[in-house]
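Novice: Okay, here's the structure, questions in a sec.
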Amino acid sequence: MVHGNPTWSFYYRNLIEALRGEHRTIAPDHIGCGRSDKPSAEAYPYTLERRVEDLESLVKALNLSAPLTLVLHDWGGMIGMTFAARNPQLVGRIVLLNTAAFHLPKTKRFPLPLKVARDTAVGSVLVKKLNAFSRTASRVCVTSPLPAEVRKAYEAPYDTPENRIATLRFVQDIPLSPGDSGYELVSEIEAALPSLGDRPIFIGWGYKDFVFDRHFLARWKEIYPQATYAEYPEAGHYVLEDRRDDLIPKIMDFIKSTDAWEGA
């Protein structure tokens, strides 16, 4: 289970609890996130390429074998699908939740709040000094307000400016045009996505996501028209929070009812 920004493995807690009786569940925290170390930018590159290498290293260190089921949210989609394209022999199923593994759709404008955070000194201060990204996300990424203790848990790893480096660097690393870090890698992965279409794929989606909205969902439907879809018009970006009572059983049923791909 690969998380995004500004969450951490805590995002998957309810799904882990539902699956743990019959499945081994692994939910790592990216470097700089959750309970992982938070090195400086001089000590760690904080790039998409390195995130993929980290995931590959984890799979190797844990000696994980096929078929793996990937559950991917937000930046986890780009990281996880890059891993899948590079290691197709390991991937048996894919679950995608309000995420992307392709360039910004042509019909979608880059959201202004992300542009401010990505490209301005003011945005950098808001994210790193004031924890604005994590605090805002724990409120606006759901349509059903989270209990105070859950909001605090989402924000807890990012309690100092030094501990918010990954939150900022994830936003700054969003590739929008040629020359941006990771742009060519995203182009390569987008081109490779159809090659993974023979795996069982489940896509769960909250419509009320100001970033990964219907434009992104429409792109997934172009790439994987055969996938199983669970769509929630009144759910937000944290779809596992907003619709967990319906979505988690659907994911469990998908895993139970599909045969994981194990190669030709």
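Residue 189 in the UniProt record's numbering sits at position 189 of the sequence shown, with consecutive numbering throughout.
We treat Cβ as the ideally placed atom computed from N, Cα and C, and that holds for glycine.
According to DSSP, simplified to helix, strand and coil, what is residue 96?
Specialist: Taking the first residue of the sequence shown as 1, we reach residue 96 at position 96. Three-state result, residue 96: strand.
Novice: Give the secondary structure of residue 253 by DSSP, where H, G and I count as helix, E and B as strand, and everything else as coil.
Specialist: Start at 1 with the first residue of the sequence shown, and residue 253 comes out as number 253. Three-state DSSP puts residue 253 in a helix.
Novice: Determine which residues share a DSSP beta bridge with residue 208 and list them.
Specialist: The count along the sequence shown starts at 1 and reaches residue 208 at position 208. Beta-bridge pairing links residue 208 to 236.
Novice: What span of residues does the alpha helix (DSSP H) with residue 136 cover, start to end?
Specialist: Your numbering for residue 136 matches position 136 in the sequence shown. Taken as a continuous stretch (DSSP letters only), the alpha helix (DSSP H) holding residue 136 covers 132-140.
Novice: Which value, in whole angstroms, describes the spacing of the CA atoms of residue 160 and residue 139?
Specialist: Walking along the sequence shown from the start, residue 160 turns up at place 160. Walking along the sequence shown from the start, residue 139 turns up at place 139. The straight-line gap from Cα to Cα measures roughly 19 Å.
Novice: Would you kindly check if the distance between the Cβ of residue 201 and the Cβ of residue 26 is under 9 Å?
Specialist: Translated into positions along the sequence shown, residue 26 becomes position 26. Translated into positions along the sequence shown, residue 201 becomes position 201. No, these two residues do not count as a Cβ contact at 9 Å.
Novice: Output the boundary residues of the beta strand (DSSP E) element that contains residue 73.
Specialist: Here residue 73 is taken as the residue at index 73 of the sequence shown, counted from 1. 68-74 is the span of the beta strand (DSSP E), which, as asked, contains residue 73.
Novice: Entirely within the segment 6-55 and at least 3 residues each: give me those beta strand (DSSP E) ranges in chain order.
Specialist: Taken in chain order, the segment 6-55 contains no complete beta strand (DSSP E) segment of 3 residues or longer.
Novice: Are the beta-carbon atoms belonging to residue 9 and residue 34 less than 9 Å from one another?
Specialist: Translated into positions along the sequence shown, residue 9 becomes position 9. Translated into positions along the sequence shown, residue 34 becomes position 34. Yes, the Cβ-Cβ distance between residue 9 and residue 34 is below 9 Å.
Novice: Alpha carbon to alpha carbon, how far is residue 44 from residue 294? Give it in angstroms, no decimals.
Specialist: Within the shown structure, residues of the chain are numbered from 1 to 264, placing residue 294 beyond reach of any answer.
Novice: Measure the beta-carbon distance from residue 87 to residue 205 and round it to whole angstroms, keeping in mind my assumption that it falls under 8 Å.
Specialist: Mapped onto the sequence shown, residue 87 falls at position 87. Mapped onto the sequence shown, residue 205 falls at position 205. Contact doesn't hold; Cβ gap of about 25 Å is too wide.
Novice: Whole angstroms are fine: how far does the CA of residue 171 sit from the CA of residue 114?
Specialist: Residue mapping note: residue 114 aligns to position 114 of the sequence shown, counting from 1. Residue mapping note: residue 171 aligns to position 171 of the sequence shown, counting from 1. Each residue's alpha carbon lies about 7 Å from the other.
Novice: Our contact map puts residue 248 next to residue 5 with C-beta atoms below 8 Å; I'd like the distance itself, whole angstroms only.
Specialist: Indexing the sequence shown from 1 puts residue 248 at position 248. Indexing the sequence shown from 1 puts residue 5 at position 5. 22 Å between Cβ atoms; not a contact.
Novice: Drop a sphere of 10 angstroms on the beta-carbon of residue 102, count the other beta-carbons inside from all chains shown, and report buried for 16 or more, exposed for fewer.
Specialist: Taking the sequence shown and counting its residues from 1, the one referred to as residue 102 is at position 102. Buried: at least 16 other Cβ atoms inside 10 Å.
Novice: Could you give the uninterrupted runs of the beta strand (DSSP E) lying entirely in the segment 139-223, keeping only those of 3 residues or more?
Specialist: Segments of the beta strand (DSSP E) lying fully in the segment 139-223: 201-208.
Novice: Can you grab the Cα-Cα spacing for the pair residue 143 / residue 213, in whole Å?
Specialist: The count along the sequence shown starts at 1 and reaches residue 143 at position 143. The count along the sequence shown starts at 1 and reaches residue 213 at position 213. Each residue's Cα considered, the two are about 14 Å apart.
Novice: Compare the Cα-Cα distances from residue 257 to each of 228, 241, 192, 233 and report the closest residue.
Specialist: Position 257 of the sequence shown, counted from the start, is the residue given in the question as residue 257. Nearest of 228, 241, 192, 233 to residue 257, Cα basis: 228.
Novice: Quick one: residues in its chain with C-beta nearer than 7 Å to the C-beta of residue 76, no 5 flanking neighbours on either side, listed in chain order?
Specialist: Residue mapping note: residue 76 aligns to position 76 of the sequence shown, counting from 1. Only 2, 3, 4, 99 meet the Cβ criterion.
Novice: Check residue 262 in the structure and name its three-state DSSP category.
Specialist: As a working mapping, residue 262 is identified with position 262 in the sequence shown. Coil.
Novice: State the Cα-Cα distance for the pair residue 147 and residue 68, rounded to the nearest angstrom.
Specialist: Locating residue 147 in the sequence shown gives position 147, where the first residue counts as 1. Locating residue 68 in the sequence shown gives position 68, where the first residue counts as 1. Rounded to the nearest angstrom, the two C-alpha atoms are 33 Å apart.
Novice: Inspect the beta-carbon positions of residue 48 and residue 263 and report whether they are closer than 9 Å.
Specialist: On the sequence shown, position 48 is the one that residue 48 refers to. On the sequence shown, position 263 is the one that residue 263 refers to. Cβ distance not < 9 Å, so residue 48 and residue 263 don't count as in contact.
Novice: If you draw a straight line from the C-alpha of residue 244 to the C-alpha of residue 19, how long is it?
Specialist: Working through the sequence shown from its first residue, we reach residue 244 at position 244. Working through the sequence shown from its first residue, we reach residue 19 at position 19. So the two alpha carbons sit approximately 13 Å from each other.
Novice: For residue 236, count neighbouring C-beta atoms within 10 Å of its own C-beta (all shown protein chains included) and say buried if the count is 16 or more, exposed if not.
Specialist: As a first step, residue 236 must be located in the sequence shown, where it is residue number 236. It counts as buried.
Novice: Using the Cβ count rule (16 or more neighbours within 10 Å means buried), how would you classify residue 92?
Specialist: On the sequence shown, position 92 is the one that residue 92 refers to. The residue is buried, with at least 16 neighbouring Cβ atoms inside 10 Å.
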